[in-house]
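So the sequence shown is residues -7 to 511, counted in my numbering.
We treat Cβ as the ideally placed atom computed from N, Cα and C, and that holds for glycine.
Below is one structure, written out as structure tokens; the observations come after it.
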Amino acid sequence: MRPVRRVRRVRRVHRVRRVPESVRSWLACGAAAVTLGAALPALAPSAAYAGVEGLSARVSADCTEDRLQLFLGNATDAEQTFTVNGPDPGVTSTETVPAGGSATVQWDRARGAAYALRVSTPGGYRKSASGTFGCGLRRGEPRMTTTTVFTTGTRFKGLVDAHGKEYDGTSASVRIPAMAVTNDGTILAVTDARVTGPGDLGVGDNNIQLGLRRSTDRGATWTAPEIVAHGATSETGKGDASLLVDRQRDRVYLFYNRARKGVGYHRPPDGSGSNSADDPDSMHVEYVTSDDAGVTWSEPRDLNPYVKDPSWKGVLSASGHGIQTSGGRLLQPIVYRDDKGGHPLNVYSDDHGRTWHAGSAAGNGYNESKPVERSDGRIAQNMRSDLQLRRFYAVSPDGISRFGEPTASELIDPRVNADEISYVQPDADGVDPRTKAPLRTATVLFSNPASSTSRTDLTVRLSEDDGASWPYAALLKPGTAGYSTMAVLDDGSVGALYEIGGTGGIRFARFTLDWIREP
């Protein structure tokens, strides 16, 4: 067995470190109602536990590097020293975790090899876990696995250069995850391939193109990376992808933003005064569709003439995913800018994408958002605040008519594009047998960097009462993390696609609800 590998500790209040400027600035950015439980059987390795409030230890599997991982969390106000015995007899290590911080301990591990871990602190925290190292969430294996999907070394097929010629190559930054699961269980993962640098649309040379990988085995393996949306040349960027699946038509929508060099959400400052599809001085919301689970895609359609008010000074399609409601309506979140600030809203279609319209704004002073259907059919908009370090909710009867006043939630947030999803499977178990539209549920999941100071410690939370309370939480990625998006897989497990740093890559995690509920 190789020596224990430690990943540097991360404080939620960061000291100044010598890190690249790009990373420093990125960290600072900041149907009938049913109750669904985990569809998977209890797949737990054996475990024992004695709790101390605020401390946690969870086992997972890094399936790219074949490493057993132990995530240590310290949500107390004092430094904590964890003693770790295992994963083999006679192996002991210690890890001191700062107040409000986290750490990861890793060991190289062959698949099928047994492990046994005992974790303790002087204050009485005790936890043990044992099982077999593997990556399928099978009985006795870790209930959470991770796989790297995109990195700066990922070679994309079909990038376009400044002359419009296609080539295969890498990108200097991969950011902005989007994910969906099709009716047949295929996972689609999309990222911005920011070819020459980490800047957003309208910044720098604007060379952003959308890369896709597909998985038909719940994330165990992925197809070769390919570009599925790019401009005529590299000076026209396409980014900020969002995926939406029409369950009734078995069609996937890939929304994104298009802009020429020098044009973005904030550029020009006063907008263009136009909603023409030919307007060169606006960002455009476009989409393409696929009827074969992402193998082929249609020609793009520009939505600005149908959903943009010419008085808006900027418009942006929010990345991650949209939803289909239990009534069959398609909702894709966007945000527009005027003199008062940012206003999230949903663009919608009630005829399976033939026509699109803009709904009512959910508030003022907010950015990217996610619509979530509650068990009573109302739509709650989970929103990123432009100023406050909390998630805000606004509720509408249907996601398009008047929203109530936004209210602050208990969910802290470093001003980032987070995610909230309903726990509804993409197959026959998750749709109404008559209408084929998604079912409703009170079980929801939320993911974001659980910090009010920096984009660190990506955490997934579970609520079983429509988000009124969040009694269960699990650390998904200790240390630097960013945007995240989730989807329920066809076996009832959950997938999360998330950023691991300013340019560090996009990773996929698969886990069970029992892993989140684990003490």
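Asked: For the beta strand (DSSP E) holding Leu437, just list the boundary residues, first then last.; Found: 436 to 441
Asked: Less than 8 Å separating the beta-carbons of Ser165 and Thr144?; Found: yes
Asked: Once you ignore the five residues that flank Thr178 on each side, which residues in its own chain have a CB closer than 8 Å to its CB?; Found: Arg206, Ser207, Thr208, Ala285, Gly286
Asked: Throw me the rounded Cβ distance for the Cys127 and Arg101 pair, which I believe falls under 8 Å.; Found: Wrong, their Cβ atoms sit about 11 Å apart, outside the cutoff.
Asked: Rounded to whole angstroms, what's the CA-CA distance from Ala233 to Asn249? Just pull it up for me.; Found: 7 Å
Asked: From what residue to what residue does the alpha helix (DSSP H) around Pro297 run?; Found: 296 to 299
Asked: Kindly indicate which residue of Gly319, Leu468, Ala410, Ala353 has the alpha-carbon position closest to the one of Pro425.; Found: Gly319
Asked: Taking all protein chains shown into account, do 16 or more other C-beta atoms lie within 10 angstroms of the C-beta of Pro81, making it buried, or fewer, making it exposed?; Found: exposed
Asked: Starting from the N-terminal side, write out each stretch of the beta strand (DSSP E) that is 3 residues or longer and does not extend beyond the segment 361 to 386.; Found: 371 to 377
Asked: Hey, could you find the ends of the beta strand (DSSP E) Leu337 is sitting in?; Found: 333 to 341
Asked: Our contact map puts Asp449 next to Ser94 with C-beta atoms below 8 Å; I'd like the distance itself, whole angstroms only.; Found: 5 Å
Asked: For Asp192, count neighbouring C-beta atoms within 10 Å of its own C-beta (all shown protein chains included) and say buried if the count is 16 or more, exposed if not.; Found: buried
Asked: Would you say the segment 291 to 311 touches the segment 324 to 333, given that touching needs at least three Cβ pairs under 8 Å?; Found: yes
Asked: With Arg509 as the anchor, note down where its beta strand (DSSP E) starts and where it stops.; Found: Unbroken run through Arg509 is the alpha helix (DSSP H), 505 to 509; no beta strand (DSSP E).
Asked: State the CB to CB distance for the pair Ile392 and Tyr358, rounded to an integer number of angstroms; the pair is presumed to be in contact (CB under 8 Å).; Found: So it is not a contact: roughly 17 Å between Cβ atoms.
Asked: Mark Ala434 as exposed unless 16 or more other C-beta atoms lie within 10 angstroms of its C-beta, in which case mark it buried.; Found: buried
Asked: Put Gly422 into one of helix, strand or coil per three-state DSSP.; Found: helix
Asked: Once you ignore the five residues that flank Thr137 on each side, which residues in its own chain have a CB closer than 6 Å to its CB?; Found: Ala53, Cys55, Cys127, Arg502
Asked: Measuring alpha carbon to alpha carbon, tell me which of Gly333, Arg370, Glu397, Leu246 ends up nearest Gln324.; Found: Leu246
Asked: Going by beta carbon distance, what residues of the same chain come within less than 7 Å of Gly548, once the five residues before and after it are set aside?; Found: Because the chain spans -7 through 511 in this model, residue 548 falls outside it and cannot be assessed.
Asked: Under 8 Å between C-beta atoms, does Ala172 make it to chain C?; Found: Chain labels in this structure do not include chain C; a single protein chain is all it has.
Asked: With a threshold of 16 other CB atoms inside 10 Å of the CB of Asn356, please say whether the residue is buried or exposed.; Found: exposed
Asked: Which partner residues of Trp304 appear in the DSSP bridge assignment?; Found: Trp304 pairs with nothing; no bridge assigned.
Asked: Could you check which residue in Ala91, Ala154, Phe74 has the C-alpha nearest to that of Ser120?; Found: Phe74
Asked: Quick one: what's Glu158 bridged to in DSSP?; Found: Val152
Asked: Within 10 angstroms of the Cβ of Pro463, are there 16 or more other Cβ atoms? Answer buried if so, exposed if not.; Found: exposed
Asked: Below 7 Å CB to CB, which residues in the same chain sit around Ala170 once its five sequence neighbours on both sides are set aside?; Found: Val182, Ala233, Ser234, Leu235, Ser311, Gly312, His313, Thr477
Asked: Could you give the C-beta distance for Gln373 and Pro389, rounded to a whole number, given that I count them as a contact under 8 Å?; Found: Between Pro389 and Gln373 the Cβ distance is about 12 Å, and since that is not below 8 Å, they are no contact.
Asked: What is the DSSP secondary structure of Gly115, reduced to helix, strand or coil?; Found: coil
Asked: State the start and end residues of the unbroken beta strand (DSSP E) segment that holds Ile413.; Found: 411 to 414
Asked: Locate the beta strand (DSSP E) running through Pro169, then write down its first and last residues.; Found: 165 to 173
Asked: Using the Cβ count rule (16 or more neighbours within 10 Å means buried), how would you classify Tyr107?; Found: buried
Asked: Need the endpoints of the beta strand (DSSP E) that Ser52 sits in, please.; Found: 47 to 54
Asked: Please tell me whether Val277 and Ser290 are closer than 8 Å, where the distance is taken between their beta carbons.; Found: no
Asked: Nearest by alpha-carbon distance to Lys300: which of His335, Pro418, Asp197, Ala466 is it?; Found: His335
Asked: Could you give the DSSP three-state label for His313: helix, strand or coil?; Found: strand
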